[in-house]
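Student: Numbered according to mature numbering (1 follows the signal peptide of the UniProt record, and there is no 0), the sequence shown spans residues -22 to -1, 1 to 152.
Here it is, the structure, as structure tokens.
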Amino acid sequence: MRLSALTATIAATLLTSAPLHAKDAKDVLMPEDPQGLAFQNAVGFADAVIADDTVYLSGVVASPNPGETDLKPAYERAFARIGRTLERAGVGWDDVVDLTTFHTDLAAQINDFAEVKSRYIKAPFPAWTAIGIAALYEPIGVVEIKIVAQRAGDGEAIVARLDKVRVESTEQAR
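Here you go:
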């Protein structure tokens, strides 16, 4: 019986404290260049979506230019594009909480990629998952970088909410 009451209390607290969020046009960042905008409208995705204080970036593909054999410039261009999107969303590299990268040749790419990444992402580090894959949507792409950022101060609100749930749970268990 106590477990059911505890579960119900936690569920009710989380449901009532988590706002229902509908996407507004102002919360969706689309490309500023006409060609990118046309492509993303045709395919159906945004550069980023802002939900409350969390910013979700679509994957950004690093692609070498014709004749480019060193992949570091492609990584630099991808990180620069991500930086511009983060800035448009009102966050920065210090606000990144999660990084997921998809590599077409993980073993061959990871060292140079990590070197370039270290110029943008500093300690304390976000979570990072690097995944080896067979191919990307963009045929010449070598790495796709997906980012989640959270505006500063939000973690405190989440921790406070979780602390409240823990206190209520402890009181319920008594």
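The beta carbon of each residue, even a glycine, is placed where N, CA and C say it ideally should be.
Which term fits I28, buried or exposed, when burial requires 16 or more other beta carbons within 10 angstroms of its beta carbon?
Tutor: Buried, by the Cβ-count rule.
Student: In terms of residues, what are the limits of the beta strand (DSSP E) holding Y34?
Tutor: From DSSP, the beta strand (DSSP E) with Y34 extends over T32 to L35.
Student: Residue range of the alpha helix (DSSP H) that V21 falls in?
Tutor: From DSSP, the alpha helix (DSSP H) with V21 extends over P12 to V21.
Student: With 7 angstroms set as the bound, which would you pick, yes or no: does the beta-carbon of V69 sit closer than that to a beta-carbon of chain B?
Tutor: Of the protein chains in this structure there is only one, and it is not chain B.
Student: How would you call Q87, buried or exposed, if buried means at least 16 neighbouring beta carbons within 10 angstroms?
Tutor: Q87 is buried by the Cβ-count criterion.
Student: Among all the DSSP beta bridges, which residues are the ones paired with W106?
Tutor: Partner(s): L77.
Student: On the three-state DSSP scale, how would you describe I99?
Tutor: Looking at I99 - three-state DSSP - the assignment turns out to be coil, as it is neither helix nor strand.
Student: Once you ignore the five residues that flank T32 on each side, which residues in its own chain have a CB closer than 6 angstroms to its CB?
Tutor: Q128.
Student: Given a cut-off of 7 angstroms, decide if A56 and A40 are closer than it, judged by their beta-carbon atoms.
Tutor: It is a contact, given that the beta carbons lie within the stated cut-off.
Student: So which of Q18, F23 and P102 has the shortest CA-CA distance to D76?
Tutor: Looking at the Cα atoms, P102 is the closest of the given residues.
Student: For A112, which three-state DSSP category applies?
Tutor: Three-state DSSP puts A112 in coil, outside helix and strand.
Student: Between the C-alpha atoms of Y71 and G45, what's the straight-line distance to the nearest angstrom?
Tutor: Sequence inspection shows Trp at residue 71; the Tyr mentioned does not correspond to that position. Spanning the two alpha carbons is a distance of roughly 30 angstroms.
Student: Should V69 go down as buried or exposed, given a rule of 16 or more other Cβ atoms within 10 Å for buried?
Tutor: Buried, because 16 or more other Cβ atoms sit within 10 Å of the Cβ of V69.
Student: Less than 8 angstroms between the CB atoms is what I'm expecting for G119 and H81, so what's the real figure, rounded?
Tutor: Rounded, the Cβ-Cβ distance is 10 angstroms, inconsistent with contact.
Student: Assuming V121 contacts Y53 (C-beta within less than 8 angstroms), just tell me the rounded distance between them.
Tutor: Going by Cβ atoms, the distance from V121 to Y53 rounds to 7 angstroms, so yes, they are a contact pair.
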